[in-house]
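> Structure in structure tokens, see below.
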Amino acid sequence: MKVYKPQWQCSLNVTEGAEQTASWKNRLAWQLRQMADRLEGGRRTLILDVDVQPSIAKDDVDRCLGKGFALSQTLMTELAQQAACEDIMRDAKAELYESD
């Protein structure tokens with residue numbers, strides 16, 4: 117009897133800037149992206165490199181990335197809420213936060 121062993125691989129790399137060994141074109145492109153981020157105020161440019169084997173449909177990849185970003189937004193919203201509550205507590209009960 118033949119035994120089948122499924123094999124798969126998935127990697128997701130997020131890049132926020134050019135590496136030191138990048139070509140001058142790549143470094144220039146990242147400098148332009150950073151300048152655009154500053155001009156637009158508060159934006160952040162990322163490059164996602166997705167490699168899935170065996171390959172899956174682009175729509176499926178896009179849907180997964182969308183769900184991942186939605187989860188990230190939920191987590192950041194929770195952290196912002198916690199920070200806001202802590203700011204209020206630091207103001208209302210500063211004695212609880214004083215260092216010895």
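Its first residue numbered 117, the sequence shown is counted upward by one per residue in the numbering used here.
Heads up, the beta-carbon is just placed ideally off N, CA and C, and yes, glycines get one too.
1. Taking the alpha-carbon positions, what's the residue 146 to residue 128 distance?
2. Among the candidates 176, 148, 170 and 187, whose CA atom is the shortest distance from the CA of residue 160?
3. Answer with buried or exposed for residue 134, where buried requires no fewer than 16 other C-beta atoms within 10 angstroms of its C-beta.
4. Relative to the C-alpha of residue 169, which candidate in 123, 212 and 118 has its C-alpha closest?
5. If the criterion is Cβ atoms closer than 8 Å, does the pair residue 130 and residue 181 meet it?
6. Do you know offhand how far residue 165's Cα is from residue 132's?
7. Look up residue 163 in the DSSP assignment and say whether it is helix, strand or coil.
8. Per DSSP, what kind of secondary structure is residue 177 in: helix, strand or coil?
Let me lay it out:
1. For residue 146 and residue 128, the gap between their C-alpha atoms comes out near 19 Å.
2. If we check each option's Cα against that of residue 160, 148 comes out closest.
3. buried
4. It is 123 whose Cα lies nearest to the Cα of residue 169.
5. no
6. 12 Å
7. Note: residue 163 maps to strand in three-state DSSP.
8. helix
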